[in-house]
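I have placed the structure first, in the form of structure tokens, so that the comments after it can refer back to it.
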Amino acid sequence: AHRILLTMPVTDITALLKDLPAEHFDLPHVSEMRTHAFKAPLPSAIIDKLSPAVETHHLVVRVACIGDSLTACGYPKVLQALFDRAELRVQVRNFGVAGVTAQKFSEQPYADERKLEEARQWRPHFVVSTLGT
């Protein structure tokens, strides 16, 4: 017997099981599957690669800081230090880009930046924005 670790929402697992031909696979019902939260702290690089839908999502709160040069030049580090000092399980990431604006029809709108898509894909719980300051 083989075991497979699926890092996806239960609804996606259910859909996957429905698509697999039962005559070729001995598949358990979703209610028979065990869910498992990671008990050991993982490096942030690994956490970033895991799907936020895995049960580990509640272990660390993700805060994305988006914005212009005020963000890019460092306030997320200060924010992370405040959370660390308070011993809160929070991960702050900096998605700031110097020189961007909030206006869509400007020379460098933040909406067109790759960092905005990276922030979306990270699926933060909270977003702090400093645009147009």
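Counting from 237, one number per residue, gives the positions in the sequence shown under the numbering used here. Glycine residues also receive a C-beta, built at the ideal position from the N, C-alpha and C atoms. Predicted, not measured: the structure shown is a model, and the values here were computed from it.
- Residue Phe362 holds the alpha-carbon nearest to the alpha-carbon of Arg298 among Thr366, Leu367 and Phe362.
- Annotation: Glu323 to Ala317 spans about 10 Å, alpha carbon to alpha carbon.
- When beta bridges are read from the DSSP output, Ala334 appears opposite no residue.
- Counting other Cβ atoms within 10 Å of its Cβ, Ala300 reaches 16 or more and is therefore classed as buried.
- Scanning Gly310, Gly303, Ala347 and Val326 for the CA closest to the CA of Gly332 turns up Gly303.
- Thr337 and Leu367 have their C-alpha atoms roughly 6 Å apart.
- Along the stretch 297-364, the alpha helix (DSSP H) occurs as fully enclosed runs of 4 or more residues at 305-308, 311-321 and 350-358, listed in sequence order.
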